[in-house]
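> Below is a structure I'd like to ask you about.
2 protein chains.
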Amino acid sequence: MADSTDGHSAAAVAFLLAQLGEHAAAKFAERIHPLQLTPAHAGILRLVAVQPGCSQQALARTLGALPSKVVTLVDDLQQRGLIERRRNPDDRRLHALHLTTAGTELLRKVRAAAESHGADLTRALDPQQRDNLAALLGCIAADQHLHPGIHPGYQRLRR
Amino acid sequence: MADSTDGHSAAAVAFLLAQLGEHAAAKFAERIHPLQLTPAHAGILRLVAVQPGCSQQALARTLGALPSKVVTLVDDLQQRGLIERRRNPDDRRLHALHLTTAGTELLRKVRAAAESHGADLTRALDPQQRDNLAALLGCIAADQHLHPGIHPGYQRLRR
DNA sequence: TATGAATCATTCGAGAATCGAACAATGTGG
DNA sequence: CCACATTGTTCGATTCTCGAATGATTCATA
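Rendered as structure tokens:
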């Protein structure tokens, strides 16, 4: 049966997760800062690459973000020529989002930064340990109903 | 030698960490919300319990937070009778911080909430997996020079 | 077909949060 | 005695964030 340190151990894991998560997010933000991107921008870029032609409303629903926030993020990316708003002839209310070639190019650099970031973050582990960690984290993520590839940071804060 | 999926796998771990970290932090904030505390308040409470009589400046240095932010947090806690500012006769510039009995009482509830939160977060793992996860996370935390028990969320954002 | 309701993108103002530069009080060293 | 550092605090300015409007468009339905 479980011993008396279980509660403590679980709490320690939870704190380590919060601590390392914040650290990982901050380090990643540093990595893409030279690209003049925030993590929020990078997430939009990635999602538009995965679902070309999606609407901003769909994006907001997927991310759990406010539509008005998506507007400003897409504004930034469009102004820099990384993303396109195309009118959809079938439903002229919505804007179909597409990456430009510059956007695709920059996303490649974001991916490279993410891999470099991941390698640096996990450099203390050997490949087997890293796979083991990935599996354990995947278990928790699935159990907690986290959507793969969706960072909760977009979600509006409840009060 | 490492195969070509290494970079991808490491990036996936980094993203999972950021994702789960944000999730864990949000869930913990929900847990202590009924106690009218934010995670930042709870951290101050815990640190004052560990280092009774510490000054606010020392607190700010330990947390990497702005002194002015510590002031407002301590203000809140003092106003609720959870913490005391005692004048130090030896150096009357600084305020020695101490928990009141109500503060100690509330910290107990915070700890209970943290354990309950940890148990819920890691319920998908058996005890052995949980210990394994704790060890792996501890490796990374040590390698990345994270201070035990200090959440990076206090640190002022660089720009 | 006509008309009210719903959806999409966007704007905008109010409120909150955050920073860092001041400031007074106190201590330290010359 | 004087200059300088430290502690705690205040405060104004900047930035962030939310959600309620708005206009354009589409849908539902009578």
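Protein chains in written order, with the UniProt record's numbering: chain A, 1 to 159; chain B, 1 to 159.
Beta carbons: idealized from backbone N, C-alpha and C, even for Gly.
1) Can you grab the Cα-Cα spacing for the pair A141/A / A49/A, in whole Å?
2) Mapping DSSP to helix, strand and coil, what is R31/B?
3) My understanding is that H23/A touches Q144/B, with C-beta atoms under 8 Å, so please give their C-beta distance in whole angstroms.
4) For the alpha helix (DSSP H) containing R130/A, name the first residue and the last one.
5) Any C-beta of chain A within less than 7 Å: which residues of the segment 144-156 of chain B qualify?
6) How would you write the range of the beta strand (DSSP E) that H95/A sits in, first residue to last?
7) Measuring alpha carbon to alpha carbon, tell me which residue in N88/B, L17/B, Y154/B, I83/B is nearest T100/B.
8) Taking just the CA atoms, how far does D91/B sit from Y154/A?
9) With 16 other CB atoms within 10 Å as the buried threshold, where does L16/B fall?
10) What residue does the alpha helix (DSSP H) around I150/A start on, and which one ends it?
11) Could you name the residues that DSSP lists as bridge partners for I83/B?
12) Is there a C-beta anywhere in chain B that falls below 8 Å from the one on G118/A?
13) State the DSSP-derived secondary structure class of R61/B, mapped to helix, strand or coil.
14) Under the three-state reduction of DSSP, which class applies to Q78/B: helix, strand or coil?
15) Listed in chain order, which residues of the segment 12-28 of chain B have Cβ atoms closer than 9 Å to some Cβ of chain A?
16) Taking only heavy atoms of the ligand MN into account, decide whether any of them is closer than 7 Å to the Cβ of Y154/A.
17) Residues in its own chain within less than 8 Å of P39/A by CB, not counting five upstream and five downstream?
18) Between which two residues does the alpha helix (DSSP H) carrying R46/A extend?
19) Cβ of G138/B less than 8 Å from any chain A Cβ?
20) Which value, in whole angstroms, describes the spacing of the CA atoms of L121/A and H98/B?
21) For chain A, check one thing: does any of its Cβ atoms lie closer than 8 Å to the Cβ of E84/B?
22) If the criterion is Cβ atoms closer than 8 Å, does the pair R94/B and L45/B meet it?
23) Mark A112/A as exposed unless 16 or more other C-beta atoms lie within 10 angstroms of its C-beta, in which case mark it buried.
24) Can you grab the Cα-Cα spacing for the pair L59/A / L73/A, in whole Å?
So, from the listed chains and residues:
1) For A141/A and A49/A, the distance between alpha carbons rounds to 24 Å.
2) In the structure shown, the three-state DSSP call for R31/B is helix.
3) Right, their Cβ atoms sit about 6 Å apart.
4) Residue range 127-143 is occupied by the alpha helix (DSSP H) that includes R130/A.
5) When C-beta distances to chain A are compared with 7 Å, the residues of the segment 144-156 of chain B below that value are Q144, L146, H151, P152, G153, in chain order.
6) It spans 95-99 - the beta strand (DSSP E) in which H95/A sits, taken as one unbroken run.
7) Comparing Cα positions, the closest option is I83/B.
8) Cα to Cα, Y154/A sits roughly 46 Å from D91/B.
9) Buried is the label assigned to L16/B, since at least 16 other Cβ atoms lie within 10 Å of its Cβ.
10) Judged by DSSP secondary structure, I150/A falls outside any alpha helix (DSSP H); it is assigned neither H nor E.
11) Residue pairing for I83/B: DSSP places it in a beta bridge opposite L99/B.
12) Yes, G118/A lies at the interface with chain B (some Cβ there is under 8 Å from its Cβ).
13) Note: R61/B maps to helix in three-state DSSP.
14) Under the three-state reduction of DSSP output, Q78/B falls in the helix class.
15) Taking 9 Å as the Cβ-Cβ cut-off against chain A, the residues of the segment 12-28 of chain B that qualify are A12, V13, A14, F15, L16, L17, A18, Q19, L20, G21, E22, H23, A24, A25, A26, K27, F28.
16) Because no ligand of any kind appears in the structure shown, any question about the ligand MN cannot be addressed here.
17) If the five residues before and after P39/A are omitted, its C-beta is found closer than 8 Å to the C-beta atoms of A25, F28, A29, I32, H151, G153, all from its own chain and listed in chain order.
18) 39-50 is the span of the alpha helix (DSSP H), which, as asked, contains R46/A.
19) So yes, G138/B belongs to the interface.
20) Between L121/A and H98/B, the alpha-carbon positions lie close to 37 Å from each other.
21) False, the Cβ-Cβ gap to chain A never drops below 8 Å.
22) Checking the sequence shown, residue 94/B turns out to be Leu, not Arg. Contact flag unset, no.
23) Its Cβ having fewer than 16 others within 10 Å, A112/A is exposed.
24) Whole-angstrom Cα-Cα distance: 11 Å.
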